[in-house]
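Engineer: Got a structure for you, written out below as structure tokens; questions coming shortly.
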Amino acid sequence: DAGVIQSPRHEVTEMGQEVTLRCKPISGHDYLFWYRQTMMRGLELLIYFNNNVPIDDSGMPEDRFSAKMPNASFSTLKIQPSEPRDSAVYFCASTLEGWRNTIYFGEGSWLTVV
Amino acid sequence: GNSVTQMEGPVTLSEEAFLTINCTYTATGYPSLFWYVQYPGEGLQLLLKATKADDKGSNKGFEATYRKETTSFHLEKGSVQVSDSAVYFCALKGGSGQNFVFGPGTRLSVLP
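Read top to bottom, the protein sequences are chains A and B. Sequential numbering from 1 applies to the first sequence in the numbering used here. Sequential numbering from 1 applies to the second sequence in the numbering used here.
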């Protein structure tokens, strides 16, 4: 079975540029999560969706960050404009409704803003 | 709200030593509990889980028992290997929410 698929795996961009990260969750999963991981702050939940609807975006750092889920098989996380402090690994993850169900992570998108 | 507390790292052990990484949680209701492992340069992978009190999750020589009376889910391994060097995350799901709550992670380094 295909797992959670993220792209790009690595991106280096200049400050001020727009960055778009993409995620394809596991087929049939109804929850999708975006996390950010840094050495200083660890793993942070940015936003999560249920059935394509944003449920909690309280972790989104500021208005420069936006996330969409136009359908059940695709989500994007956009940063515009990007800043050096946005450099991090961004993980997408998905799971099924139900308290026993495991969350599955993608391999991450490693973003460097110079 | 739900929360997870893990012991601070880093933890450095010699090969074949015994490992314990403590994890305690706060949650309403009856959450499921998980341990995830992150190897260098990779995403988080499920290591083991337990879905009810007194359940023991186990995988790759690691074990953890869901203790409701002490609200704990400590990770143990009897003899660690260099290849176990990674960051370990305790997590919970359920109780009062559908989202996962992760602990801060504990970095383990195993020396040959």
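Even for Gly, the Cβ is constructed at its ideal location relative to N, Cα and C. Being a predicted model, the structure only gives us computed values, none of them experimental.
Within the segment 71 to 99 of chain B, note down every full beta strand (DSSP E) run reaching 3 residues or more, in order along the chain.
Structural biologist: Runs of the beta strand (DSSP E) inside the segment 71 to 99 of chain B: 75 to 77, 86 to 94.
Engineer: What number of angstroms, rounded off, separates the C-alpha of isoleucine 5/A from the C-alpha of glutamate 107/A?
Structural biologist: The count along the first sequence starts at 1 and reaches residue 5/A at position 5. The count along the first sequence starts at 1 and reaches residue 107/A at position 107. The alpha-carbon atoms of isoleucine 5/A and glutamate 107/A are separated by roughly 7 Å.
Engineer: Apart from the five residues just before and just after isoleucine 55/A, which ones in its own chain have a Cβ nearer than 6 Å to its Cβ?
Structural biologist: By one-based count along the first sequence, residue 55/A stands at place 55. Hits under 6 Å: Tyr48.
Engineer: Can you find the residues in the same chain that come closer than 6 Å, C-beta to C-beta, to leucine 43/A, ignoring five residues on each side of it along the sequence?
Structural biologist: Position 43 of the first sequence, counted from the first residue, corresponds to residue 43/A. Correct list, in chain order: Tyr35, Gln37.
Engineer: Look up glutamine 45/B in the DSSP assignment and give the residues it is bridged to.
Structural biologist: Numbered from its first residue, the second sequence carries residue 45/B at position 45. Its beta-bridge partners are Val37/B.
Engineer: Measuring CB to CB, does valine 110/B end up less than 8 Å from valine 80/B?
Structural biologist: In the second sequence, residue 110/B corresponds to position 110, counting from 1. In the second sequence, residue 80/B corresponds to position 80, counting from 1. Yes, the pair counts as a contact, with Cβ atoms nearer than the cut-off.
Engineer: Would DSSP call proline 70/A helix, strand or coil?
Structural biologist: For the purposes of this step, residue 70/A is taken as the residue at position 70 of the first sequence. Three-state DSSP puts proline 70/A in a strand.
Engineer: Expressed to the nearest angstrom, what Euclidean distance is found between the alpha-carbon atoms of glutamate 16/B and leucine 46/B?
Structural biologist: In the second sequence, counting from the first residue as 1, residue 16/B sits at position 16. In the second sequence, counting from the first residue as 1, residue 46/B sits at position 46. Rounded to whole angstroms, glutamate 16/B to leucine 46/B spans 23 Å at the Cα level.
Engineer: With distances taken from CA atoms, which of Ser66/A, Ala93/A, Asp86/A, His29/A is nearest methionine 39/A?
Structural biologist: To locate residue 39/A, count along the first sequence from 1; it is residue 39. The residue with the shortest Cα to Cα distance from methionine 39/A is Asp86/A.
Engineer: Are proline 25/A and serine 66/A close, meaning C-beta to C-beta below 8 Å?
Structural biologist: Taking the first residue of the first sequence as position 1, residue 25/A is located at position 25. Taking the first residue of the first sequence as position 1, residue 66/A is located at position 66. No, these two residues do not count as a Cβ contact at 8 Å.
Engineer: Thinking C-alpha only, which one of Val87/B, Phe100/B, Thr106/B is nearest tyrosine 39/B?
Structural biologist: As a position in the second sequence, residue 39/B is number 39, starting the count at 1. In terms of CA proximity to tyrosine 39/B, Val87/B leads the group Val87/B, Phe100/B, Thr106/B.
Engineer: Taking C-beta pairs closer than 9 Å, name the residues in chain B that phenylalanine 91/A reaches, listed in chain order.
Structural biologist: Within the first sequence, residue 91/A is the residue found at index 91, counting from 1. Within chain B, the residues near phenylalanine 91/A are Gly43, Leu44.
Engineer: Do you know how far the Cα of glycine 43/B is from the Cα of glutamate 18/A?
Structural biologist: Counting from one through the first sequence, the residue named residue 18/A turns up at place 18. Counting from one through the second sequence, the residue named residue 43/B turns up at place 43. Going from the Cα of glutamate 18/A to the Cα of glycine 43/B covers about 24 Å.
Engineer: So with Cβ pairs under 8 Å, would you call threonine 51/B a contact of chain A?
Structural biologist: The residue labelled residue 51/B in the question sits at position 51 within the second sequence. Output row for threonine 51/B: interface = yes.
Engineer: DSSP on proline 84/A, reduced to helix/strand/coil?
Structural biologist: Looking up residue 84/A in the first sequence gives position 84. Helix at proline 84/A.
Engineer: Between threonine 76/A and threonine 13/A, which are expected to be in contact by the criterion C-beta below 8 Å, what is the C-beta distance as a whole number of angstroms?
Structural biologist: Locating residue 76/A in the first sequence gives position 76, where the first residue counts as 1. Locating residue 13/A in the first sequence gives position 13, where the first residue counts as 1. No, threonine 76/A and threonine 13/A are not in contact; Cβ-Cβ is about 15 Å, not under 8 Å.
Engineer: If distances are taken between C-alpha atoms only, which option among Pro104/B, Ser3/B, Asn2/B, Pro31/B comes closest to arginine 100/A?
Structural biologist: To locate residue 100/A, count along the first sequence from 1; it is residue 100. It is Pro31/B whose Cα lies nearest to the Cα of arginine 100/A.
Engineer: Quick check: tyrosine 25/B and leucine 108/B, are their CB atoms within less than 8 Å of each other?
Structural biologist: The count along the second sequence starts at 1 and reaches residue 25/B at position 25. The count along the second sequence starts at 1 and reaches residue 108/B at position 108. Not closer than 8 Å, so no.
Engineer: Quick one: which residues of the segment 19 to 42 of chain B get their C-beta closer than 9 Å to a C-beta of chain A? List them in chain order.
Structural biologist: Gly29, Tyr30, Pro31, Ser32, Phe34, Tyr36, Gln38, Gly41, Glu42
Engineer: Taking the alpha-carbon positions, what's the aspartate 57/A to proline 10/B distance?
Structural biologist: Position 57 of the first sequence, counted from the first residue, corresponds to residue 57/A. Position 10 of the second sequence, counted from the first residue, corresponds to residue 10/B. Approximately 31 Å, taken between the alpha carbons.
Engineer: Looking at threonine 106/B: is its Cβ nearer than 8 Å to the Cβ of methionine 7/B?
Structural biologist: One-based indexing of the second sequence puts residue 106/B at position 106. One-based indexing of the second sequence puts residue 7/B at position 7. Contact flag set, yes.
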